[in-house]
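Right, one structure below, let's go through it.
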DNA sequence: TGGGATAACATGGGATTTCATGGGAAACAA
DNA sequence: TTGTTTCCCATGAAATCCCATGTTATCCCA
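Chains as they are written, first to last, in this note's numbering: chain A, 3 to 155; chain B, 3 to 155.
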């Protein structure tokens, strides 16, 4: 599970260290790296490991071939995603268009969201985080946890 | 079930012993540690074991992908939670931002709340507890138990 | 039921490893 | 060539591991 928020530096070569716990999650996969694409919903990047891509693929395959939503998803995710492999020290090199889309220059913030993660400009994310926490506080009553399962189930 | 209240010391390295009974609850899980995040509702930390996180993930995944509440919760919980693993003696190391959020420096109070627990500054908690008991006393008529099930069901 | 032995627990400090980051050299492309 | 990408190694800071110790709780047997 991708968790927590980490800000790392981007060096002159466009290299960016992926947090070690994120790397640990995708390790053991067939591909030693992550999949990243520009979000169609804002100025940030989205990403995940092989299993996330497999799930998206499965989801899309279950939709009608010419469903508008299917075509949109295919374009937005598969059409723009890139596999970014780790170097020996666990860094990826950000393609320029990605850095531009998210306004990344010298620092980037990884945000773990369970099954996937996002990469933001730190300043932009800070503002969003304040909003998100405020919204959560005001809507906490809407949170209903599913019942816990019996031990051993 | 996380129960009772325990206060332990925080050493110079930011290490904090998790009460032994709390550790016993999460033992046998796939991850030997606890998940902790700064509450979005106050100056304390919230936490639980793997099963709690699984339930939150289930809850969030059942919401619409671009629902505002979902996005806010994802960021407020997953975006700020960290897996804190036990060292050989059952201690966790508190990340600095967590200690700052909850005003923790030399001591921390673990408060068991059933499925999850909270970590407070002892002095702040003492004051808060007085308030909480007063509130409970004044609102006792609003407390409702869910209908009980037949024994064994 | 008392009291000594034993185990569990919280805490402390030093040593080691991991991690993020920087830069140079070699391979590649235009 | 000139600029770009990939691989390799160096380094300081931070996190982790390992061992030691006092104290408390638990057990066991007389």
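Built from N, CA and C at the ideal position, the CB exists for glycine as well.
Computed from a predicted structure; not experimentally measured.
Cut-off 7 Å between Cβ atoms - residues of its own chain near residue i, not counting five sequence neighbours on either side
{"i": "residue 119 of chain B", "result": "4, 24, 49, 50, 112, 113"}
{"i": "residue 62 of chain A", "result": "72, 75, 76"}
{"i": "residue 29 of chain A", "result": "none"}
{"i": "residue 6 of chain B", "result": "114"}
{"i": "residue 81 of chain A", "result": "none"}
{"i": "residue 132 of chain A", "result": "none"}
Coarse secondary structure for residue i, derived from DSSP in three states
{"i": "residue 110 of chain B", "result": "strand"}
{"i": "residue 68 of chain B", "result": "coil"}
{"i": "residue 59 of chain B", "result": "helix"}
{"i": "residue 2 of chain B", "result": "A question about residue 2 of chain B goes unanswered here, because the residues of chain B that appear run from 3 up to 155."}
{"i": "residue 28 of chain A", "result": "helix"}
{"i": "residue 207 of chain B", "result": "The structure shown does not extend to residue 207 of chain B, since chain B is modelled only from 3 to 155, so the question has no answer here."}
{"i": "residue 127 of chain B", "result": "helix"}
{"i": "residue 4 of chain B", "result": "strand"}
{"i": "residue 132 of chain A", "result": "helix"}
{"i": "residue 38 of chain A", "result": "strand"}
{"i": "residue 75 of chain A", "result": "helix"}
{"i": "residue 21 of chain B", "result": "coil"}
{"i": "residue 99 of chain A", "result": "helix"}
Close Cβ partners of residue i (< 6 Å) along its chain, the five nearest in sequence each way excluded
{"i": "residue 83 of chain B", "result": "37, 39"}
{"i": "residue 127 of chain B", "result": "111"}
{"i": "residue 155 of chain A", "result": "Model confidence at residue 155 of chain A stands at a pLDDT of 37, short of 50, so the residue's coordinates are unreliable; what they give is reported in the following sentence. Nothing meets the Cβ criterion."}
{"i": "residue 153 of chain A", "result": "Low local confidence applies: a pLDDT of 45 at residue 153 of chain A is under 50, so the model's placement there is unreliable, with the coordinate-based value given in what follows. Cβ within range, chain order: n/a, list empty."}
{"i": "residue 67 of chain A", "result": "none"}
{"i": "residue 65 of chain B", "result": "72"}
{"i": "residue 96 of chain A", "result": "16, 18"}
Neighbourhood of residue i by C-beta, 8 Å cutoff - its chain only, sequence neighbours within 5 removed
{"i": "residue 91 of chain A", "result": "19"}
{"i": "residue 115 of chain A", "result": "4"}
{"i": "residue 109 of chain B", "result": "9, 10, 11, 12, 123, 124"}
{"i": "residue 94 of chain B", "result": "17, 18, 20, 35, 36, 38, 86, 87, 88"}
{"i": "residue 135 of chain A", "result": "none"}
{"i": "residue 1 of chain B", "result": "Any question about residue 1 of chain B goes unanswered here, given that chain B covers just 3 to 155."}
{"i": "residue 32 of chain B", "result": "52"}
{"i": "residue 98 of chain A", "result": "16"}
{"i": "residue 27 of chain A", "result": "3, 4, 51"}
{"i": "residue 149 of chain A", "result": "none"}
{"i": "residue 129 of chain A", "result": "none"}
{"i": "residue 57 of chain A", "result": "117"}
Per DSSP, cross-strand counterpart(s) of residue i
{"i": "residue 141 of chain A", "result": "BP columns for residue 141 of chain A are empty, so no partner."}
{"i": "residue 48 of chain A", "result": "A:39, A:120"}
{"i": "residue 87 of chain B", "result": "B:35"}
{"i": "residue 11 of chain B", "result": "B:109"}
{"i": "residue 93 of chain B", "result": "B:19"}
Integer-rounded CB distance, given that residue j should sit under 8 Å from residue i
{"i": "residue 34 of chain A", "j": "residue 105 of chain A", "result": "Residue 34 of chain A to residue 105 of chain A, Cβ: 28 Å. No contact."}
{"i": "residue 54 of chain A", "j": "residue 117 of chain A", "result": "6 Å"}
{"i": "residue 78 of chain B", "j": "residue 100 of chain B", "result": "With a Cβ gap of about 14 Å, residue 78 of chain B and residue 100 of chain B do not count as contacting."}
{"i": "residue 103 of chain A", "j": "residue 147 of chain A", "result": "Contact doesn't hold; Cβ gap of about 35 Å is too wide."}
Check: Touch check for the segment 135-148 of chain A and the segment 58-75 of chain B: three-plus C-beta pairs under 8 Å?
Finding: They touch, by the three-pair rule.
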